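Participant: Sequential numbering from 8 applies to the sequence shown in my numbering.
From the three backbone atoms N, C-alpha and C, an ideal C-beta is built for every residue, glycine too.
Computed from a predicted structure; not experimentally measured.
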Amino acid sequence: MPINGGEAVVHDGRVIGRLRSCAYGFVVRRNLAYAYLPVELKPGATIQVEVFGNLLPALVLPDRQLAFAEARQHAG
């Protein structure tokens, strides 16, 4: 599903931020997006992104880009 940036980021039923930047990650074959999140949301936490009125699941990743092998593993 396409994302454009500005979409709401939701955790525990409340909006905690908005996407700042996003693009399709061809290596991992998934959408990747940047958002400023509360510090208590650590890598591995699950959140949701509202896209065209639908809440889609998302995963908080480390701030740094994943290594190629690690990214391929997550792509499934």
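1) When we look at the beta-carbon of residue 14 and count the other beta-carbons within 10 Å, is it buried (16 or more) or exposed?
2) Cβ of residue 27 within 7 Å of Cβ of residue 42?
3) State buried or exposed for residue 30, treating a residue as buried only when at least 16 other CB atoms are found within 10 Å of its CB.
4) Less than 7 Å between C-beta atoms, sequence neighbours within five positions excluded: which residues of the same chain meet that for residue 62?
5) Please look up how many angstroms separate the CB atoms of residue 67 and residue 48, rounded, as I've assumed it's under 8 Å.
Facilitator: According to the data block:
1) So residue 14 ends up on the buried side.
2) yes
3) It is exposed - the Cβ of residue 30 has fewer than 16 other Cβ atoms within 10 Å.
4) 17, 55
5) 5 Å
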